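2 protein chains.
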Amino acid sequence: MSNISIYKEKLRESGLRPTRQRLKICEVLFTPEKTFHFTINDLTKIIENKLSEKISLATVYNTIHAFKKKGYLKEISINSDKSYFDTNVTEHHHFFDEDTNELIDCSNEEIDSVNIKKNITGKKIKSVEVLIKVASDNQNQN
Amino acid sequence: MSNISIYKEKLRESGLRPTRQRLKICEVLFTPEKTFHFTINDLTKIIENKLSEKISLATVYNTIHAFKKKGYLKEISINSDKSYFDTNVTEHHHFFDEDTNELIDCSNEEIDSVNIKKNITGKKIKSVEVLIKVASDNQNQN
DNA sequence: ATAGGTGCAAACGTTTTGCATTAAA
DNA sequence: TTTAATGCAAAACGTTTGCACCTAT
Chain A
1 MSNISIYKEK
11 LRESGLRPTR
21 QRLKICEVLF
31 TPEKTFHFTI
41 NDLTKIIENK
51 LSEKISLATV
61 YNTIHAFKKK
71 GYLKEISINS
81 DKSYFDTNVT
91 EHHHFFDEDT
101 NELIDCSNEE
111 IDSVNIKKNI
121 TGKKIKSVEV
131 LIKVASDNQN
141 QN
Chain B
1 MSNISIYKEK
11 LRESGLRPTR
21 QRLKICEVLF
31 TPEKTFHFTI
41 NDLTKIIENK
51 LSEKISLATV
61 YNTIHAFKKK
71 GYLKEISINS
81 DKSYFDTNVT
91 EHHHFFDEDT
101 NELIDCSNEE
111 IDSVNIKKNI
121 TGKKIKSVEV
131 LIKVASDNQN
141 QN
């Protein structure tokens with residue numbers, strides 16, 4: 001609970017007003033010991049069920065996008081109907097379990113860093129994401 | 001134009017009936033000299049504008065998904081509102097230009113193959129995708 | 001004749017928007 | 001008190017679905 005003043009400080013530093021809603025979202029996202037992956041829907045459910053709070057969807061979207069812009073969250077590239085976010089903003093990659101739609105972190109020790117020998121004129125590399133899709137061994141792949 | 005009989009054959013081999021609509025889609029996707037990237041929207045526009053044909057959206061979706069299932073198309077993972085497909089089904093990776101929302105192929109010579117030292121029990125690797133996001137050098141990232 | 005495919009419109013789920021209200025500075 | 005943030009409902013958008021009709025076999 002005492003984290004709240006830290007979040008307040010951080011938000012103010014970032015030029016974001018520390019509102020009640022944003023502080024709640026910070027608690028959910030940044031208090032857990034471990035980083036985690038979530039969709040907006042997941043997050044809204046956590047806020048509603050675990051915190052018995054109700055934050056407007058628009059506000060959740062606003063806040064998540066603001067946090068992403070500030071680099072407090074990472075969006076993960078998957079071709080899915082929804083967007084996945086990660087509270088782990090360090091450089092790392094992912095497994096995506098097609099059976100369960102779950103993301104699994106892949107630490108840097110578990111994957112060699114990608115060596116890119118091409119560059120695009122006038123463009124700068126913003127991110128390199130490796131996505132390893134996995135599924136049950138015995139799955140009918142048609 | 002003489003490709004049509006080839007497409008008919010291929011479709012029949014795959015257990016897909018060679019309908020007028022599917023043959024049109026084959027023409028658009030597989031006749032060009034070069035492989036390319038597209039969204040469903042792109043494809044529908046090409047069919048409407050270049051071929052002056054009208055194929056129902058549901059049919060386009062059906063066909064693209066059928067082709068993907070058969071391995072004639074690849075879906076590319078990007079966190080975008082829409083799905084991107086690739087007529088190049090060989091193993092290769094992509095640059096994604098955030099300024100223009102364009103995909104650029106990255107050949108295997110341009111990127112070292114990714115070495116994964118982790119595996120997930122009971123799961124098999126289905127694909128490994130590297131996505132390199134690029135944007136203008138001078139772009140305001142805020 | 002009979003699967004399988006098509007087309008339309010409606011439904012769906014996620015995300016965005018407009019605008020009046022509220023709260024932080 | 002003024003600027004930013006919230007909440008709500010509506011709209012937008014890509015995608016999927018249900019079902020009657022059509023067409024390849």
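Heads up: the protein sequence lines correspond to chains A and B, in order. With the first letter of the first sequence counted as 1, position 130 gets the number 130 in this note's numbering; the numbers rise by one all the way through. With the first letter of the second sequence counted as 1, position 120 gets the number 120 in this note's numbering; the numbers rise by one all the way through. Don't be surprised by glycine CBs; every beta carbon is placed ideally from N, CA and C. Computed from a prediction, not measured in an experiment: that's the story for all the values here.
Taking 8 Å as the threshold, the shortest C-beta distance from B/Leu43 to chain A does not fall below it. A/Ala135 reaches chain B at Lys123, Lys124 and Lys126, counting residues in chain order whose Cβ is nearer than 8 Å. Its Cα nearest to that of A/Thr90, the residue A/Cys106 stands out among A/Lys82, A/Cys106 and A/Asp81. A/Leu103 and B/Ser52 have their C-alpha atoms roughly 43 Å apart. For the 8 Å CB-CB criterion, B/Ser77 and B/Glu129 form a contact.
Put simply, the CB of A/Ser14 is far from chain B, with every gap to its CB atoms at 8 Å or more. The three-state secondary structure of A/Val89, taken from DSSP, is coil.
Bounds of the beta strand (DSSP E) holding B/Ser127 are Lys123 to Ser136.
Within the same chain, Thr63 come within 6 Å of B/Ile25 by CB-CB distance, once the 5 residues on both sides are set aside. Any Cβ of chain B closer than 8 Å to the Cβ of A/Val89 would place that residue at the interface, and such an atom is absent. Assignment of beta-bridge partners to B/Tyr84 by DSSP yields B/Ile76.
Distance from B/Ala135 to B/Asp99 at the Cβ level is roughly 6 Å; contact confirmed, criterion being Cβ atoms closer than 8 Å.
Note that the C-beta distance between A/Leu131 and A/Phe85 is not below 8 Å. Counted as a single uninterrupted DSSP element, the stretch harbouring A/Leu51 is not any alpha helix (DSSP H), since DSSP gives it neither H nor E. Distance from B/Asp112 to A/Asn115 at the Cβ level is roughly 4 Å; contact confirmed, criterion being Cβ atoms closer than 8 Å. According to DSSP, residue pairing for B/Ile104 in a beta bridge involves B/Phe95.
Shown here, B/Ile40 sits in a helix according to DSSP, grouped into three states.
For B/Cys106, the C-beta contacts it makes with chain A under 7 Å involve Lys118, in order along the chain. A distance below 8 Å between beta-carbons, with the five flanking residues on each side excluded, links A/Arg17 to the following residues of its chain, in chain order: Leu11.
Lys69, Glu75, Ile76, Ser77, Ile78, Asn79 and Ser83: these are the residues of the segment 65–93 of chain A whose beta carbon lies less than 7 Å from some beta carbon of chain B, given in chain order.
In this structure, A/Thr31 lies near A/Asn3, with their beta-carbon atoms less than 8 Å apart. Annotated three-state conformation of B/Ile120 is coil, per DSSP.
When the alpha-carbon of B/His37 is set against those of B/Glu110, B/Tyr72 and B/Lys117, the nearest one is in B/Tyr72. The bridge partners DSSP lists for B/Ile111 are A/Ile116.
With 16 or more other Cβ atoms from the protein chains shown falling within 10 Å of its own Cβ, B/Leu29 counts as buried.
In the three-state DSSP reduction, A/Arg20 falls in the helix class (H, G or I). Per DSSP, the unbroken alpha helix (DSSP H) holding A/Lys8 starts and ends at Asn3 to Glu13. B/Val60 is outside the set of residues whose beta carbon lies under 8 Å from a beta carbon in chain A.
The beta carbon of A/Ile6 sits no closer than 8 Å to any beta carbon of chain B.
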